[in-house]
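These notes are about the structure you will find just below.
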Amino acid sequence: MIPAQDTLFLSVHAREVLHFDVPLFGRVATSIGSLSSGGVLSLCGKQDDVLPEAYQAAAIICAADDPRLDVLKAQNRIPLIVVERDAIFSEGDVITISPHGRIHRLFRALSRNNALLVTEDCNNLCVMCPQPPKPESAARHAVNEQRIVQTLDLIDDLHFPDSLCLTGGEPTMLGDGLIRIVEKIKNRAPRTLIHLLTNGRALCDTTYTQRLACAGGDQLLAGIPLFGHVADIHDYVVQRQGAFEQTMAGLLNCFRYGIDVELRIVLQKDTVQHLTALAEFIAHNLFFVKHVALMGMENMGFARLNRDRVFIDPWDYRDELSQAINLFALYGVDVRVFNLPLCVVNSDTRRYCAQSISDFKNVWHPQCARCRKREICCGFFNSTTEKFFLTHHIRPFTA
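Structure follows, in structure tokens:
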């Protein structure tokens with residue numbers, strides 16, 4: 177479990193920045209003894225007197241109410257970043273700090289939900305995409321690769337995770353850069369699962385898929401979405417003609433070269449309408465997938481913009497969900513349900529539900545406070561609001 181002192185933020189803005197004129201990329205230390213060359217010393221939550229030893233750091237992060245703040249401000253050698261008291265950093269975090277005081281936490285040492293953003297570029301334009309793509313140049317792709325390599329180099333052995341997600345955008349937009357990143361992770365941590373979230377279209381290239389498989393070996397798991405059993409449905413959802421054919425070819429290439437596949441189905445109006453047919457298609461034609469993930473939709477980005485087109489209350493498709501799961505079970509296909517609270521699915525579905533929402537996105541409805549199943553439930557995305565609700569059928573388990 178994530179300790180209470182991890183405030184879960186990925187980005188925060190400093191209240192004040194002093195003696196700082198170039199961007200900084202470094203690993204956080206919370207004590208002098210663990211401070212490495214180029215490291216950032218966080219004094220947040222630490223009230224013991226560590227000065228002047230603190231001046232060995234490349235930068236110091238300090239809370240605005242720290243009694244040592246005036247002393248730290250008086251020195252003019254070490255960059256000083258002043259933050260709110262609740263912005264707590266953990267030993268081993270990897271962060272970047274801009275001269276304007278924007279702090280990005282690229283790696284959270286105490287989290288099981290670390291993902292490296294490979295690119296915001298994408299060759300799909302999914303109607304419910306929670307993070308709409310942004311075009312990027314080849315030069316920007318090179319910068320992204322360098323950032324990820326630096327991040328991997330800064331993660332210490334103690335905190336290197338059992339699983340690391342590569343996400344986007346569409347990571348394969350980096351081309352050979354993605355292969356180098358995957359190879360870097362494998363060489364650095366031979367037991368870490370590399371969870372690659374990709375639309376699979378680039379994997380229709382046999383040579384590229386073979387090279388990717390060689391780079392990742394048995395550590396690589398490709399999470400690939402499929403939104404329909406026919407091209408018309410899938411291509412409409414991703415807004416790209418020919419995408420279904422390319423994704424299917426990519427899936428078959430994964431099977432050919434030994435890349436494990438997690439098939440991902442986002443549950444929205446179009447996929448739910450044909451969910452049983454899609455389940456049958458997968459069971460008959462994609463029997464090699466490691467498992468199928470049936471995923472509740474996140475209400476962000478295009479999912480908000482296109483809400484009338486894509487949103488459906490999970491309560492209204494609970495029977496279709498049960499039917500699809502029963503089909504997968506009948507054919508021996510491993511299936512799990514993600515991002516849906518236990519109270520909005522049928523009783524026969526609950527054992528397939530996972531606590532899946534990343535900790536930094538996870539919130540609870542007030543009614544959940546009295547639910548006896550809260551500890552095994554996924555809760556809600558933090559994008560859930562009164563206007564952009566997930567369901568009107570929250571029913572706490574109290575008996």
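Heads up: the sequence shown runs through residues 177 to 575, numbered per our numbering. C-beta: ideal position from N, C-alpha, C; glycine also. As the structure is a computational prediction, the values presented were derived from the model and not from experiment.
The criterion of a C-beta distance shorter than 7 Å is satisfied by L451 and A500.
Three or more beta-carbon pairs separated by less than 8 Å are not found between the region 539-555 and the region 293-307, which leaves the two stretches without contact. Around the beta carbon of Y493, 16 or more other beta carbons lie within 10 angstroms, which makes this residue buried. One thing to note: A378 has its Cβ no nearer than 7 Å to the Cβ of V437. Assignment of beta-bridge partners to H568 by DSSP yields no partner. For the 7 Å CB-CB criterion, M476 and S559 form a contact.
With fewer than 16 other CB atoms across the displayed protein chains lying within 10 angstroms of its CB, N252 is exposed. In chain order, N300, R377, H410 and D411 place their CB closer than 7 Å to the CB of A419, counting only its own chain and leaving out the 5 sequence neighbours on each side.
The alpha-carbon of G344 is positioned some 17 Å away from that of M473.
Contact between L282 and T272 holds, with the beta-carbon distance rounding to 6 Å and staying under 8 Å. For M476, DSSP assigns no beta-bridge partner whatsoever.
A straight line joining the alpha-carbon of L219 with that of E496 spans about 52 Å. If you draw a straight line from the Cα of V358 to the Cα of I370, it comes to about 7 Å. A check of alpha carbon separations from N375 across I237, P572, K445 and M424 identifies M424 as the nearest. Out of V509, I264, H568 and D352, the CA that lies nearest to the CA of P517 is found in H568.
Beta-bridge annotation (DSSP): F201 is paired with T272. Nearest in C-alpha terms to L217, of all of E192, I257 and D246, is I257. In the structure shown, D436 adopts extended strand secondary structure according to DSSP, grouped into three states.
Taking C-beta separations shorter than 8 Å and ignoring five residues to either side along the sequence, the partners of V259 in its chain run V188, A190, R191, C220, I237, C238, A239, A240 and I279, following chain order. Cβ neighbours of A365 within its own chain (closer than 6 Å, five residues either side excluded): F336. Under the three-state reduction of DSSP output, M304 falls in the coil class, being neither helix nor strand. The DSSP assignment places complete alpha helix (DSSP H) segments of no fewer than 4 residues inside the region 394-469 at 407-414, 419-433, 445-449 and 451-461, in order along the chain.
The shortest CA-to-CA distance from Q444 to any of G434, W491, N461 and P255 is the one to W491. Residues of the same chain with a CB within less than 6 Å of the CB of V414, apart from the 5 flanking positions on each side, are N300 and C302 in chain order. Using a Cβ distance threshold of 7 Å, H195 and P243 do not count as a contacting pair. The residues A459, in chain order, have a CB closer than 8 Å to that of L506 in the same chain once the five nearest residues on each side in sequence are set aside. Counting other Cβ atoms within 10 Å of its Cβ, T447 reaches 16 or more and is therefore classed as buried. DSSP places R281 within a strand segment (E or B) once states are collapsed to three. By the CB criterion at 7 Å, Y433 and T368 fall outside the cutoff. Assignment of E496 by DSSP, reduced to helix, strand and coil, places it in the helix class. Counting the other CB atoms within 10 Å of its CB gives I208 a total below 16, which places it among the exposed residues.
The beta carbon of I441 is closer than 8 Å to those of P401, L402, F403, T447, L451, L454, V468, A469, L470 and M471 in its chain, skipping five residues each way along the sequence.
Closest in C-alpha terms to F514, from the list V521, G508, A530 and G555, comes A530. Per DSSP, reduced to three states, the secondary structure at E192 is strand.
For C238, the enclosing beta strand (DSSP E) covers residues A235 to A239. Remark: C-beta atoms of A391 and I435 do not approach each other more closely than 7 Å.
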